[in-house]
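Presented below is the structure to which this report refers.
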Ligand code: SF4
């Protein structure tokens, strides 16, 4: 077969994924992904089309070790490193360490399987999250659900949280001081979940976790190790709603996540 355009369905068929084609197509439809054409080399073996195979050269994992925050910002005076889930959630619900406490409706702690293999970390709560106290609700949450469904996951199988536990007013970008203040809670959540893989969704999450200011488009093409845990970066569902054309890249990222979770 000579090089030719393949539709999304054909690409998935080449991968030999375990979902039936009808179900896969339905999932793609649920994610709002229309069939598109990609130049796909005819000699590619049946493998997940990660960016390494489709768009970029193989890259070595970039290892990031969590660094203590600057000494002038010591957000949590209480040592929370021994906290279990209940204590930690209570501490967050009562937290007033940054100015976001004054504008939040509810803290948004996290949801899902506390022993999940996959931990999804987003940026910050949005309107509906703030109202209900759960991350990734509203339209972005619906898209995330569809994305997870596409790789046979759901909210009960993964653990989902955000870098920030309180919504910034008008969904403005968080200040560094706010993400720094909130970071110990996230660190303790990661410690409790002990995931096999972290998926950072969104620029704020990626920049915070990787201590980087590189464009997200660049970071998602790299393999990261966060405190010894494999980590990948992809687009936030809210961004995908604003820029649906990027859903195809998100789909590639999800397939790589699915493959990594099998290992
Ligand atoms: S965003 Fe984090 S640090 Fe700030 S008040 Fe909320 S829980 Fe506390």
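Numbering (this note's numbering), first residue to last: -11 to 251. A virtual CB, placed ideally from N, CA and C, is assigned to each residue, including glycine. Model, not experiment: these values are computed from the prediction.
Measuring only the C-alpha atoms, how far is residue i from residue j?
i	j	result
residue 127	residue 251	32 Å
residue 134	residue 70	35 Å
residue 177	residue 82	17 Å
residue 90	residue 110	21 Å
residue 189	residue 92	22 Å
residue 75	residue 129	26 Å
residue 172	residue 68	8 Å
residue 247	residue 208	16 Å
residue 84	residue 149	19 Å
residue 107	residue 206	21 Å
residue 86	residue 78	16 Å
residue 99	residue 233	29 Å
residue 96	residue 115	11 Å
residue 125	residue 199	27 Å
residue 118	residue 170	16 Å
Thinking C-alpha only, which one of the options is nearest residue i?
i	options	result
residue 155	224, 183, 123 and 180	123
residue 94	182, 235, 80 and 104	80
residue 158	164, 113, 173 and 241	113
residue 121	152, 242, 224 and 168	152
residue 163	173, 227, 239 and 88	88
residue 239	223, 118 and 99	223
residue 174	161, 140 and 214	214
residue 218	197, 115, 116 and 97	197
residue 147	182, 165, 118 and 160	182
residue 211	66, 244 and 168	244
Just to confirm my understanding: we take residue i, look at its own chain, exclude 5 residues before and 5 after, and list those with CB closer than 7 Å. What are they?
i	result
residue 73	102 and 180
residue 201	195
residue 241	208, 220 and 222
residue 249	105, 106, 184 and 185
residue 216	none
residue 229	127, 128 and 131
Can you tell me whether residue i is helix, strand or coil according to DSSP?
i	result
residue 239	helix
residue 223	coil
residue 207	helix
residue 258	With the chain running from -11 to 251 in the structure shown, residue 258 is simply not present.
residue 85	coil
residue 96	coil
residue 79	helix
residue 68	coil
residue 232	helix
residue 193	helix
residue 218	strand
residue 244	helix
Leaving out the 5 sequence neighbours to the left and right, which residues in its chain are closer than 6 Å to residue i when beta-carbon positions are compared?
i	result
residue 204	191 and 194
residue 184	105
residue 225	128, 131 and 132
residue 136	142
Only counting the same chain, and skipping five residues up and downstream in sequence, which positions put a Cβ closer than 8 Å to that of residue i?
i	result
residue 161	192
residue 167	151, 152, 192 and 196
(request) At 3 residues or longer, and completely inside the segment 111 to 166: list those beta strand (DSSP E) runs for me, N to C. (result) 147 to 150
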